[in-house]
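>
Protein chains: 2
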Amino acid sequence: MNLTDSSRTDAIQRMIHPRAIAVIGASADLSKVNGRPLKHLLDKGYTGRILPVNPKYREIAGLACYPDIASLPDGVDVAVVAVPASEVIASVEALGARGVPAAVVFSSGFGEMGAAGRALEQRLAAAAQRAGVLLCGPNCLGFINAFENVYATFSQYADGETGAGPIAFVTQSGAFGTAIAALVRQRGLGLGYFINTGNEAGLAFTELMLAVIEDPRIRVAAGYLEGLADGDGLVRLARRCRELGKPLVLTKVGRMAAGARAAASHTGALAVQDAVFDAVIRQYGVLRARNEEQMLDMLEALAQPRACAGFGLGIATQSGGAGVMMADRAEEVGLTVPALEAATQRRLAEFMPAFGAAGNPVDVTGQFVARPELLRESVIALLDDPQVHVAIVWLQLMTAHVDTLVAIFAEIQARTDKPFFVCWVAAPPAAPQRLRELGIAVYGAGERAVEAAAALARYHAGRPAAAQPTAAAAPCPPGLDPRRDGMVPSVQATAWLQAAGIPMAPVALARDGDAAVAAWRGCGRAVALKIESPDIAHKTEVGGVLLKLDDAAAVRAGVATLLANAARHAPGARIAGVLVQPMAEGHLELVVGVQRDPVFGAMVMVGSGGVLVEVLKDVAFRRAPFDVDTGLAMLDELRMGALLDGVRGQPAVDRRAVARLLSDLSRWAAATPRLAELDLNPVRVGPAGPVAVDCVMVLRDPQA
Amino acid sequence: MNLTDSSRTDAIQRMIHPRAIAVIGASADLSKVNGRPLKHLLDKGYTGRILPVNPKYREIAGLACYPDIASLPDGVDVAVVAVPASEVIASVEALGARGVPAAVVFSSGFGEMGAAGRALEQRLAAAAQRAGVLLCGPNCLGFINAFENVYATFSQYADGETGAGPIAFVTQSGAFGTAIAALVRQRGLGLGYFINTGNEAGLAFTELMLAVIEDPRIRVAAGYLEGLADGDGLVRLARRCRELGKPLVLTKVGRMAAGARAAASHTGALAVQDAVFDAVIRQYGVLRARNEEQMLDMLEALAQPRACAGFGLGIATQSGGAGVMMADRAEEVGLTVPALEAATQRRLAEFMPAFGAAGNPVDVTGQFVARPELLRESVIALLDDPQVHVAIVWLQLMTAHVDTLVAIFAEIQARTDKPFFVCWVAAPPAAPQRLRELGIAVYGAGERAVEAAAALARYHAGRPAAAQPTAAAAPCPPGLDPRRDGMVPSVQATAWLQAAGIPMAPVALARDGDAAVAAWRGCGRAVALKIESPDIAHKTEVGGVLLKLDDAAAVRAGVATLLANAARHAPGARIAGVLVQPMAEGHLELVVGVQRDPVFGAMVMVGSGGVLVEVLKDVAFRRAPFDVDTGLAMLDELRMGALLDGVRGQPAVDRRAVARLLSDLSRWAAATPRLAELDLNPVRVGPAGPVAVDCVMVLRDPQA
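Residue numbers (the working numbering), protein chains in the order written: chain A, 3 to 706; chain B, 3 to 706.
Have a look at this one:
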């Protein structure tokens with residue numbers, strides 16, 4: 003049978019909340035990969051049925067052992083498969099025949115083993131689909147549902163204490179994922195789910211994460227990724243997390259290695275895969291952690307129960323220097339360290355020591371050891387300031403004062419509903435755990451606490467998942483067959499984009515000098531001439547562009563020059579004629595483009611024009627479609643974005659008009675699946691708004 | 003008496019290696035600030051004499067207590083002063099009278115207490131100087147010489163175990179410094195010296211650090227800074243550390259807050275103090291740690307005994323993903339992850355599991371638990387590769403296998419002399435300490451291990467302290483009084499710089515249209531005209547520049563225009579005339595400048611020209627004087643440096659010629675202490691080399 007969406011969902015839910023688990027190939031040696039799930043299930047107190055399968059045994063660890071899959075009783079919800087690779091397909095087929103809806107395949111020897119392994123994995127995937135068995139893995143460590151003591155895993159992580167908690171963690175890597183899970187345990191944050199997806203022959207990252215985030219006991223989702231095929235799934239996951247109000251934190255490796263796309267045009271060559279991934283997850287409100295430490299730091303902030311209503315950071319320290327360091331970092335990561343209101347300053351002055359500075363950061367010095375109320379009242383005054391949305395209290399050592407300090411922080415926590423973190427450097431071991439029990443996030447380094455506060459603020463500042471513009475088709479211009487692959491003639495591409503609302507410089511095709519002169523007269527001003535050929539994407543490279551021609555002789559000579567250049571530099575090219583275009587105004591150049599990403603579909607790019615795009619790679623991406631505010635955010639991301647506001651006496655330009663161009667383009671691109679590539683380079687921008695003066699549009703069958 | 007340099011050095015050495023320590027204002031309550039040094043000295047086994055001074059006691063903790071300073075015996079090398087602020091000056095005077103050469107002043111209530119405190123501190127400094135007593139502090143935690151159990155401190159750090167070790171740590175912050183010292187202890191790295199300099203009324207950071215790095219037991223120097231007055235001292239310290247082959251790691255807070263200089267010209271406005279500090283310490287081979295965690299990570303790498311002969315990083319992991327993450331980070335921090343030589347690959351293939359990738363990173367998978375030789379031989383093969391200069395081995399958990407793994411790493415350490423680090427995520431507590439005892443640096447996170455390896459490689463790649471060019475004066479041009487403050491007329495500034503070897507576009511001053519026309523004829527090509535006035539620094543802002551004039555009428559009219567513009571936009575300005583300058587060639591623009599930094603003296607700056615310098619702040623700084631290689635390194639730092647190599651069909655320019663300009667300028671600037679500011683903006687650069695086409699030079703008395 004093929005699984006429908008809802009039966010798939012049901013099967014996943016049965017798998018992660020099983021009332022009966024079979025272990026295929028179970029070993030009586032509980033230290034082995036195929037014995038460890040039994041050990042964990044028994045040790046951790048799983049209350050469902052545990053059903054080992056192995057013809058060699060009658061019983062393992064007091065559990066009745068079944069000789070084969072066919073002998074299993076009814077009602078098995080998931081089977082762990084720990085048999086040699088060569089026997090996996092038969093096992094999965096038998097599980098299907100026995101009505102077991104899901105298999106967690108530990109066995110390695112598949113896609114990770116070269117071409118032969120990949121072929122075997124494809125056969126396994128097909129067999130599982132035919133058999134109606136959902137696959138987790140192969141080559142995975144399995145999963146843990148800590149709420150119900152389900153340990154369908156041989157991960158080292160399960161060897162230690164594993165209390166359940168509000169974090170769901172899904173990982174494509176077994177070893178790295180186990181390390182991250184162990185770090186979650188070290189911090190005492192509490193892992194509700196741990197799932198290693200392995201080779202993802204069946205269930206992929208996003209589907210499993212979508213399943214576990216629905217659990218009301220889960221408050222935060224965390225994922226470790228190495229690759230991603232299902233961009234739509236990731237977007238769906240991100241939106242669902244937003245709807246549920248549960249933050250999603252992702253770490254993805256391969257930030258630098260991802261190369262340029264093979265068939266990219268010269269702007270598209272910048273569209274490295276990681277930049278696209280990064281842009282998309284930001285667009286949909288996902289937090290990205292650059293490594294496992296930052297992931298843990300973010301999880302700690304997001305797992306504490308309080309929301310953050312803005313970007314104002316209050317800092318109280320025992321060290322002026324630590325305060326400066328944290329304020330520096332706050333500025334770098336987008337937080338403000340606001341000046342305190344006069345009323346707050348008066349409150350602070352009441353109990354601050356004479357030499358303490360009463361600003362923000364507040365330096366409470368070490369005196370609070372003698373006068374605990376100093377710390378307590380300072381921090382509460384800081385948090386009561388309307389400009390402060392989250393606070394960090396920095397201290398160090400204080401080995402002899404843990405009880406006093408924990409009591410102070412408990413009282414602070416009770417007297418405010420804003421989040422505050424404690425950064426306790428070289429803390430006595432008991433302190434962090436006791437603070438975490440109070441719902442207070444604890445860090446060991448000031449900059450890390452600031453970064454985590456910024457993540458919390460960014461998450462709560464994110465827009466709800468709802469508002470998304472729809473794709474918007476534009477009528478295809480006459481004379482163009484939109485089903486034909488290849489470069490679209492400029493006149494028609496221009497017309498099509500104009501119909502989609504994109505401001506395009508008008509363009510006319512002239513077959514000869516006379517026609518070009520007539521077109522120039524029609525423009526009533528200086529014109530540019532450009533060679534037009536379906537075989538020439540980059541006109542300047544063949545000497546195919548002439549600018550600022552403004553008399554009949556020059557236009558006529560220009561046409562001759564362009565034709566001669568094309569004949570010399572692109573001898574085989576089919577020449578359609580010469581484009582005549584009035585010179586556009588605007589003192590700034592941008593590059594705007596659309597690329598069809600294999601994972602995420604149509605991606606719109608904007609970048610600084612001229613040499614900047616090449617040397618600085620100063621570009622911003624978003625997945626289509628998106629709204630005008632998203633377009634504005636793209637412009638904010640450009641390092642050269644300040645040019646839009648006018649420098650060196652140049653006038654500012656209308657950012658919103660540029661953002662509208664980007665949004666309109668994104669809606670049209672999303673409705674035009676055959677659009678493979680589009681370069682608007684340059685888009686000239688002046689006080690009158692943007693206008694695209696060159697356009698290369700390529701169509702391609704998205705299925706091809 | 004005033005201390006001479008050598009008697010100062012002697013006094014510092016007596017202070018940090020005292021045979022007798024007095025504690026002025028000693029308390030019988032050993033938990034108080036003024037009792038704690040006695041407790042620590044007794045507890046830690048200080049073998050010199052301990053001499054408490056307090057009229058209230060005859061004896062404290064079994065030590066004879068002196069009623070006053072005058073009663074102290076001969077031979078006291080240092081006194082800890084822990085009396086109220088109002089009594090400190092009298093104590094210091096009495097110490098001088100009694101022949102005690104140094105005082106460590108714990109007392110607060112000085113410079114940190116506003117204007118009155120600052121005045122008191124100045125009086126204290128003056129009194130100490132008169133009395134011939136070196137001051138450490140006031141408002142400091144004191145110091146520790148752990149080798150000789152000298153605990154002249156009340157720092158919390160001294161409450162715990164404090165084994166001596168190869169790191170000397172000097173800190174301006176007490177609280178933050180204590181935290182860092184505690185982190186050093188947590189890692190078991192070993193702190194030989196801990197010194198908190200406090201308000202630095204006498205001994206400053208650099209002088210104390212210079213004293214302790216001479217100790218042969220010290221291998222690494224670490225400093226925490228909040229501010230710095232003595233730039234020359236820091237440079238001297240950096241050079242001495244290089245001579246001794248001892249790395250110096252500095253953390254300085256205030257990266258963002260430092261504002262623009264008050265009297266900066268428009269390029270100088272970029273010369274924020276932290277950028278200058280950062281450039282100078284890099285120039286002299288100091289490593290900068292951005293925060294306390296990075297400092298510890300670097301110290302761990304630098305304290306292990308092995309040098310790193312290059313930037314090639316070998317990575318062996320138990321997780322492919324961790325390998326990718328580390329390779330990403332390596333690329334970002336300037337390490338390479340080289341492909342392995344064929345011989346290495348063959349060696350790896352012998353013992354690698356069939357599915358392990360044999361590249362770099364080497365994925366040894368988890369199989370080494372069963373086959374320890376897999377890990378051992380893989381890592382040794384990796385380290386034996388000539389392209390690999392340092393290696394990192396990544397693993398996680400392995401709680402049950404600590405003995406096996408420590409034995410493997412010990413054998414690897416014995417069989418190679420290249421440095422290798424272990425990154426052990428969520429390590430069992432015993433493991434890191436055991437590896438550190440083997441001389442192996444250990445990290446808990448992959449990216450941090452990579453950053454530390456990069457620091458080690460950077461340190462060993464640094465040039466020796468020796469080679470430094472000398473300052474080189476150039477003859478002052480006729481008609482200029484170099485002692486006069488203010489803006490130097492362009493013709494003379496140009497001549498002066500030409501004499502210093504700087505390629506300057508020729509310039510002539512014309513008083514009227516006729517003279518300008520004559521000068522244009524003399525040029526034999528198109529010219530630029532520029533208004534010349536000692537009151538106008540930024541000529542374009544008053545409409546004072548016209549370009550590309552190439553006929554007599556245009557030149558004559560141009561002079562009239564400039565004079566009219568100046569009269570309108572700068573009505574009070576004294577007009578010297580109009581400069582006539584042939585149009586310079588060169589397709590690129592740089593900005594070159596000199597600023598006199600109050601801490602570091604003449605700083606040379608180069609930046610991308612045009613709008614880039616304003617929007618991107620794309621500039622590099624170095625302290626003058628420096629050599630041509632340093633100039634090349636400055637160009638390498640520019641983000642837009644790629645423009646120098648030619649983009650979009652532009653020719654490459656001669657980087658060395660630009661670097662020579664920078665070096666020559668630096669040598670001249672270093673020899674010209676009255677040079678307050680110099681802007682060469684723009685310097686045009688073409689295939690023929692650089693030429694400065696505009697010059698604003700300001701002289702000022704450096705003592706004023």
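Beta carbons are placed, not taken as given, at the ideal position from N, Cα and C, and that holds for glycine.
#1: Can you list the residues of chain A that residue 184 of chain B reaches, using a CB-CB cut of under 9 Å?
#2: Residue 327 of chain B versus chain A: which residues are under 7 Å apart at the beta carbon?
#3: Listing by chain order, which chain A residues have their CB less than 7 Å from the CB of residue 38 of chain B?
#4: Count the other C-beta atoms from every protein chain shown that fall within 10 angstroms of the C-beta of residue 248 of chain A, then say buried if there are 16 or more, exposed otherwise.
#5: Show which residues of chain B have a CB atom less than 9 Å away from the CB atom of residue 161 of chain A.
#6: Between residue 713 of chain A and chain B, is any beta-carbon pair separated by less than 9 Å?
#7: Please determine if the stretch 181-192 of chain B and the stretch 57-71 of chain B are in contact, where contact requires at least 3 C-beta pairs separated by less than 8 Å.
#8: Could you have a look at residue 156 of chain B and say whether DSSP puts it in helix, strand or coil?
#9: Alpha carbon to alpha carbon, what distance is there between residue 462 of chain A and residue 394 of chain A?
#10: Applying the 10 Å Cβ sphere with the 16-neighbour rule, what's the burial state of residue 587 of chain B?
#11: For chain A, is any of its Cβ atoms less than 9 Å away from the one on residue 188 of chain B?
#12: Of the residues B/253, B/237, B/371, B/142, which one's Cα is nearest the Cα of residue 202 of chain B?
#13: Any beta carbon of chain B sitting closer than 9 Å to that of residue 126 of chain A?
#14: Distance check for residue 74 of chain A and residue 260 of chain A, CA to CA, integer angstroms please.
#15: Put residue 286 of chain A into one of helix, strand or coil per three-state DSSP.
#16: With residue 672 of chain B and residue 627 of chain B assumed to form a contact (beta carbons below 8 Å), what rounded beta-carbon distance in angstroms separates them?
#17: Chain B partners of residue 618 of chain A, CB-CB under 7 Å?
#18: Do residue 101 of chain B and residue 112 of chain B have their C-beta atoms closer together than 9 Å?
#19: I want to see whether chain A comes within less than 9 Å of residue 166 of chain B, judged by CB atoms only; does it?
#20: Return the bridge partner residues of residue 580 of chain A from the DSSP annotation.
#21: Quick one: Cα of residue 106 of chain B to Cα of residue 648 of chain A, how far?
#22: The ligand NAP heavy atoms versus the CB of residue 567 of chain B: any closer than 8 Å?
#23: Which runs of the alpha helix (DSSP H) spanning at least 4 residues fall entirely within the stretch 450-530 of chain A, listed in chain order?
#24: Compile a chain-ordered list of the residues in the stretch 622-649 of chain A whose CB is closer than 8 Å to at least one CB of chain B.
#25: Drop a sphere of 10 angstroms on the beta-carbon of residue 450 of chain B, count the other beta-carbons inside from all chains shown, and report buried for 16 or more, exposed for fewer.
#26: Excluding five sequence neighbours on each side, which residues of the same chain lie with their C-beta closer than 8 Å to the C-beta of residue 123 of chain A?
#27: Applying the criterion that 16 or more other CB atoms from any shown protein chain within 10 Å of the CB defines a buried residue, is residue 273 of chain A buried or exposed?
#28: CB-CB under 7 Å to residue 60 of chain B, same chain, minus the five flanking residues each way: which ones, in chain order?
#29: Using a Cβ cut-off of 8 Å, which residues of the stretch 215-242 of chain A contact any Cβ in chain B, in chain order?
#30: Does any residue of chain B bring its CB to less than 9 Å from the CB of residue 322 of chain A?
#31: Under the rule that 16 or more other beta-carbon atoms within 10 Å means buried, what is residue 4 of chain A, buried or exposed?
#32: Under the three-state reduction of DSSP, which class applies to residue 619 of chain A: helix, strand or coil?
#33: Find the residues of chain B that neighbour residue 158 of chain A, judging by a C-beta separation of less than 7 Å, and give them in chain order.
#34: Examine chain B for any beta-carbon lying closer than 9 Å to the beta-carbon of residue 583 of chain A, and answer yes or no.
#35: By alpha-carbon positions, which one of B/479, B/523, B/349, B/361 ends up nearest to residue 325 of chain B?
#36: Residue 28 of chain B touches chain A at which residues, Cβ-Cβ below 7 Å?
According to the data block:
#1: 398, 399, 427, 428
#2: 255, 293
#3: Residues of chain A passing the Cβ test: none, with the nearest at roughly 12 Å.
#4: buried
#5: 399, 401, 402
#6: As shown, chain A starts at 3 and ends at 706. That puts residue 713 of chain A outside it, with no answer to give.
#7: no
#8: coil
#9: 17 Å
#10: exposed
#11: yes
#12: B/142
#13: no
#14: Unreliable positioning characterises residue 260 of chain A in this predicted model, as indicated by a pLDDT of 32, which lies under 50. A coordinate reading is not provided.
#15: coil
#16: 4 Å
#17: 641
#18: no
#19: no
#20: A/512, A/533
#21: 56 Å
#22: The ligand NAP is not part of the structure shown, which contains no ligands of any sort.
#23: 492-501, 515-525
#24: 641, 642, 644, 645, 649
#25: buried
#26: 112, 113, 140, 201, 203
#27: Reliability fails at residue 273 of chain A, whose pLDDT of 39 lies under 50, so the model's placement of it is uncertain and the value that follows must be treated cautiously. With 16 or more other Cβ atoms within 10 Å, it is buried.
#28: 67
#29: 226, 228
#30: yes
#31: At residue 4 of chain A the pLDDT is 49, less than 50, meaning the model places this residue with poor confidence; the figure from the coordinates comes in the next sentence. So residue 4 of chain A ends up on the exposed side.
#32: coil
#33: 399
#34: no
#35: B/361
#36: None at all; the shortest Cβ gap to chain A is about 20 Å.
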